[in-house]
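Residue numbers (the working numbering): 38 to 374.
Just so it is clear, CB atoms sit at the ideal spot from N, CA and C, and this is done for glycine as well.
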Ligand SMILES: [Fe+2]
Ligand SMILES: [Fe+2]
């Protein structure tokens, strides 16, 4: 952990970081720019422009929300996993996602926001999270497909973030990416086993791939031409690779994997372009993407109500942990006195 995520604030809602009043903004700005230009890291105690801080809070908190909401579609399958081995793997994966959420909320807290406020924004439906988790998981092949494609897309998105200019975020991403790579491999391996099975099992895999392929491509975000904030995020070293470049990288890496697996990717326009040295692909349905991001996907309401219930059910755990931490703190203070 990089932060004080489990210490007890002196008063509720206390900010961990005092906002630094820029006495000489131009000088501070120049120092900040120089650090960014030399590919250095910005740390929580460093001065940073307000817009940089806000961009990071938004991005890191949306990332954290995506991790913990992402536990839900697969969590549904823990009690229905086809074997003890698959159940153990799935439990480990879903727990990892919970851990990713924790690292990320901690990273966001170093920017002076409180975890409680971020969770309130998620639970009230104000905050956004990855649209992919608002679709149902209909059969066991969906679990394998999520590992292969959704976690695969997450890796493509997250590996460049290991070089993000904000120190706590970039360091959190290093461990997250290692775990994502296990998620991707377990999913692909589960599908390989199914593809050696009955015709019905093979059809389940193809059906799951058909339903998830386009949604995974949309996970990389709108095309570069429609991403007005991308240039600034690139300038600040928060974003290292553009949406379209990452999407292309994902497609180029995934097509050969689909061939080995023996499934067809559901895009008649998907073909190798010798001149570009990349695969061409068809049109993504952005209306569906925005509809889901804005709360109207097939499972948005169900996901949020499950999340709110889980949060409320866990209140006693948080109360007990805080009471324990307070007791420890008092004991330490008494000993020090
Ligand atoms: Fe994750
Ligand atoms: Fe994952």
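Around the beta carbon of residue 133, a 10 Å sphere encloses 16 or more other beta carbons of the protein chains shown; the residue is thus reported as buried. In this structure residue 231 touches residue 178 by the C-beta definition: roughly 6 Å separates them, less than 8 Å. Cβ-Cβ separation between residue 93 and residue 275: approximately 7 Å, consistent with a contact (criterion under 8 Å).
Annotation note: the segment 66–139 contains the following uninterrupted alpha helix (DSSP H) runs of length 4 or greater, listed N- to C-terminal: 87–106, 108–112. Per the coordinates, the alpha-carbon of residue 273 lies some 7 Å from the alpha-carbon of residue 202. Excluding five sequence positions before and after residue 128, the CB atoms of its chain that fall closer than 7 Å to its own CB belong to 115, given in chain order. Comparing alpha carbon positions, the residue from 126, 280, 131, 260 closest to residue 198 is 280.
Every residue whose Cβ sits closer than 6 Å to any heavy atom of ligand 2 is listed here in chain order: 134, 188, 191, 217, 220. The residue from 72, 142, 82 with its alpha-carbon nearest to that of residue 97 is 142. For residue 310, there is no enclosing alpha helix (DSSP H); the enclosing beta strand (DSSP E) has its first and last residue at 308–310. The beta carbon of residue 167 lies closer than 6 Å to those of 103 in the same chain, with the five residues before and after it left out. By the neighbour-count definition (other C-beta atoms within 10 Å, threshold 16), residue 163 is an exposed residue. For residue 225 and residue 192, the gap between their C-alpha atoms comes out near 14 Å.
Per DSSP, reduced to three states, the secondary structure at residue 348 is helical.
Assigned with DSSP and collapsed to three states, residue 266 falls in coil, not helix or strand. Proximity to residue 318 across 263, 262, 255, 298 peaks at 255, based on C-alpha coordinates. Under the DSSP assignment, residue 206 falls in the alpha helix (DSSP H) whose first and last residues are 204–232. The Cβ atoms of residue 309 and residue 316 sit closer than 8 Å to each other. Rounded to whole angstroms, residue 112 and residue 184 show a C-alpha spacing of 13 Å. By alpha-carbon distance to residue 189, the top candidate from 87, 286, 304, 345 is 286. The three-state reading of DSSP puts residue 142 in helix, counting H, G and I together.
For the pair of segments examined, the segment 234–254 was found to touch the segment 288–301: the number of CB pairs separated by less than 8 Å reaches three. The bridge partners DSSP lists for residue 317 are 308. In chain order, 318, 319 place their CB closer than 6 Å to the CB of residue 304, counting only its own chain and leaving out the 5 sequence neighbours on each side. Taking C-beta separations shorter than 8 Å and ignoring five residues to either side along the sequence, the partners of residue 79 in its chain run 69, 72, 73, 85, 89, 202, 203, 204, following chain order. Taking 4 residues as the minimum length, the alpha helix (DSSP H) runs contained wholly in the segment 150–178 are 152–160, in order along the chain. Contact check for residue 174 against residue 265 fails: the beta carbons are separated by 8 Å or more.
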